[in-house]
Amino acid sequence: MKIKKLDHIENIVLPSINGENFDTSRLKGKKYLLTFYRFASCPMCSLRINEMINRYDELGDDFAVVGIFHSEISNLKRFMKRHDSPFVMLADKDFKYFSKYDIQRSFARFISTFILRAPRFLRAAFKLYISPTIKGHMDIMPVDILVDEKGKVQDVKYGKDIGDHISIEEIIKFSHS
Numbered sequence: 098m099k100i101k102k103l104d105h106i107e108n109i110v111l112p113s114i115n116g117e118n119f120d121t122s123r124l125k126g127k128k129y130l131l132t133f134y135r136f137a138s139c140p141m142c143s144l145r146i147n148e149m150i151n152r153y154d155e156l157g158d159d160f161a162v163v164g165i166f167h168s169e170i171s172n173l174k175r176f177m178k179r180h181d182s183p184f185v186m187l188a189d190k191d192f193k194y195f196s197k198y199d200i201q202r203s204f205a206r207f208i209s210t211f212i213l214r215a216p217r218f219l220r221a222a223f224k225l226y227i228s229p230t231i232k233g234h235m236d237i238m239p240v241d242i243l244v245d246e247k248g249k250v251q252d253v254k255y256g257k258d259i260g261d262h263i264s265i266e267e268i269i270k271f272s273h274s
C-alpha cells in the first residue's frame, strides 16, 4: 500500500542500532520524519544522514528522525558508527515494511542517479562513504514521510532516484509548525 497524505502510520517495530527493538508507538505525541533508505553502506544515504546531522540543531525541540534500512542489524551498526547520529536507525532485513508500504525498486532509476546527481554522488565519494560491501537491495528508491503528533502523514515523497528526498528546509519548517 503506497502511503498518502493523511494516512495513519501503523506501528513499526524493528531492531535499532542501540541494541533494542524500537516501536514507533513511542513517538506518539511527537512529529517525526520517517525515511526508508537503501542498504547500510549506501553512499547517498550516508551523505543525507550527514546533512541531517549537520542541521540537527535547527529541528524543533520535540521532533524525531527515524531511518529504516534494508540491512541486518549487525551491518547497520557497523556503518552507522561513523555518523554518531542522534537519530533512531532501524534494520528491516526481511524487507517487511518496505514491502508493506510499496517502497519502489528500479535499476534504471538507480543508474540515472549517477547522471542526474553526479555532483552529489562525487560529494559522497569524497567523504569516503563508498564501500565495497553491499548487503541489501541496491535499487531501492528512498521514501520520506513527515508524520504529525497524531500519527497522520502530512507529507510523503517517493523518491524518483536514490538521492531524491524532501528538502531539509521543508523538514525544519514542518518540525516547527
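So the mapping is simple: this note's numbering equals the position in the sequence shown, first residue as 1, plus 97.
The C-beta atom is built at its ideal place from N, Cα and C for all residues, glycine as well.
Contacts around residue i, its chain only, beta-carbon distance under 7 Å, and the 5 residues preceding and following it disregarded
i, result
"Tyr-153", "Pro-183"
"Ser-113", "Phe-119, Val-185, Met-186 and Leu-187"
"Leu-213", "Asp-258"
Residue i, DSSP secondary structure in three states
i, result
"Ile-242", "strand"
"Phe-254", "It is Lys, not Phe, that sits at residue 254 in the sequence shown. Correct three-state label for Lys-254: strand."
"Ile-259", "coil"
"Ser-138", "coil"
"Lys-270", "helix"
"Ser-113", "strand"
"Ile-265", "helix"
"Leu-124", "helix"
Pair within 8 Å by beta-carbon distance, residue i and residue j
i, j, result
"Leu-187", "Ile-269", "no"
"Lys-128", "Asp-245", "yes"
"Phe-160", "Ser-264", "no"
Backbone CA spacing between residue i and residue j [nearest angstrom]
i, j, result
"His-105", "Lys-99", "12 Å"
"Lys-102", "Glu-267", "15 Å"
"Phe-192", "Ser-171", "16 Å"
"Arg-145", "Arg-179", "13 Å"
"Ile-150", "Glu-117", "22 Å"
"Ser-196", "Ile-165", "13 Å"
"Asp-189", "Ser-274", "30 Å"
"Phe-133", "Asp-261", "12 Å"
"Tyr-198", "Glu-107", "11 Å"
"Arg-123", "Asp-236", "30 Å"
"Glu-169", "Val-110", "14 Å"
"Arg-202", "Asp-158", "34 Å"
Proximal residues to residue i (C-beta, below 6 Å), its chain only, five neighbours per side dropped
i, result
"Val-162", "Leu-130 and Phe-184"
"Val-253", "Ile-100 and Ile-242"
"Phe-176", "Ala-137 and Ser-138"
As an exercise, report each continuous alpha helix (DSSP H) stretch of at least 4 residues that is fully enclosed by the segment 145-203, in chain order. 170-177 and 193-197
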